[in-house]
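Please read the structure below before turning to the comments.
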Amino acid sequence: KLNFLTYLSGKTFDSLDEDPLKRKFLNYEIIVNTLASDDIKLKYEVFNRINTWWVNLSNQEVRNSIILNYNEDLFEKLIWLKEHPSFNKILQLSDELKQEEKDMEYVLRFFALHTLGQKQEKNEIKVSSVKELLDNEMFNLINLDKENITKKIHLFNNIFELIKDDENILKRDSKWRVLIPAFDTILAWLSCNFKDDRFCSSKLKPEIHKEILQRVKHLFHNDVFNYHTWTPWYVEHKLEYWVKIWIKWF
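No gaps in the numbering here: position 178 of the sequence shown is 164 in the numbering used here, and each next residue is one more.
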């Protein structure tokens, strides 16, 4: 039942007959501009501006729409990853954050960190903004073939299965939320060094698995890591450092 225009309650558009509201709707002018370009980044920029002008969508909600439009199979796989039990056990995101698609953003961030880690090996790392980092990773994933997407999904699964037994592994302690510096540093290291099936949790020797987890937890006691985590730098500068530190620390 409508709170306003109550006389329209229960009616369909076709049943309005000569109602002035129906005529107004039919006579409303809709302006359509054709974007004559196949450039996916240009389309993304236009879509982003339109959909964040009045009722703001989150950056990840905009990315989701682009991924779904260009690669529905990839989108479905990312949905599956954000619902991965081990991933959710580690991140423990609130319902509110999930509604903002933060879980999907963390999935994308994982793959972006892996890409950054590979660039670090070539000394090519540069982060201008976190948004740009995640946008570029979105475009990268959209253009990947199915074989390489499958490899990335396999990597994601292996890493979170490796650390799933300690739900506080990315926290300073059980009272804290997941720390983004820990997420960035630890997952950049893991994703770049444990790339194949030899390092999945089911095939690692128990003592090696235990040593990896202990090494990760000791990061929170590292003075250099803590200094750079709490300095008032822009997050982009911190992100570059967090990805670099795994070489020195791990």
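All residues carry an ideal CB built from backbone N, CA and C; glycine is no exception.
Asked	Found
Contacts around Tyr56, its chain only, beta-carbon distance under 8 angstroms, and the 5 residues preceding and following it disregarded	Ile26, Ile128
Three-state secondary structure (DSSP) of Leu119	helix
Through-space distance from Ile17 to Leu199, alpha-carbon basis	58 angstroms
Closest by C-alpha distance to Asn208, when choosing among His195, Thr171, Ile194, Lys196	Thr171
Distance between Leu148 and Asn126 (C-alpha atoms, nearest Å)	26 angstroms
Cβ neighbour criterion (16 or more within 10 Å) applied to Phe142	buried
From Ile65, Ser114, Asp3, Gly103, residue whose alpha carbon lies closest to that of Tyr247	Residue 247 lies beyond the range of the chain shown here (-13 to 236); nothing can be said about it.
Where Gly(-4) falls: helix, strand or coil (DSSP)	coil
CB contact flag (Ala237, Leu156, <8 angstroms)	Outside the displayed range of the chain (-13 to 236) lies residue 237, so it cannot be described from this structure.
Nearest-angstrom Cβ-Cβ length linking Leu77 and Val164, presumed shorter than 8 angstroms	6 angstroms
Identity of the residue in Lys203, Leu(-12), Phe33, Asn212 nearest Thr20 by Cα	Phe33
Three-way DSSP call (helix, strand, coil) for Asn144 in this model	helix
Euclidean distance between Cα positions of Ala22 and Lys75	45 angstroms
N- and C-terminal bounds of the alpha helix (DSSP H) containing Ser239	There is simply no residue 239 to check, as the chain begins at -13 and stops at 236 in what is shown.
Residue of Glu4, Met90, Ser44, Asp121 minimising C-alpha distance to Lys29	Asp121
Own chain residues within Cβ distance below 6 angstroms of Ser72, not counting five before or after	Phe146, Glu147, Lys150
Segments assigned beta strand (DSSP E), at least 3 residues, entirely inside the region 10 to 34	none
Through-space distance from His204 to Glu197, alpha-carbon basis	11 angstroms
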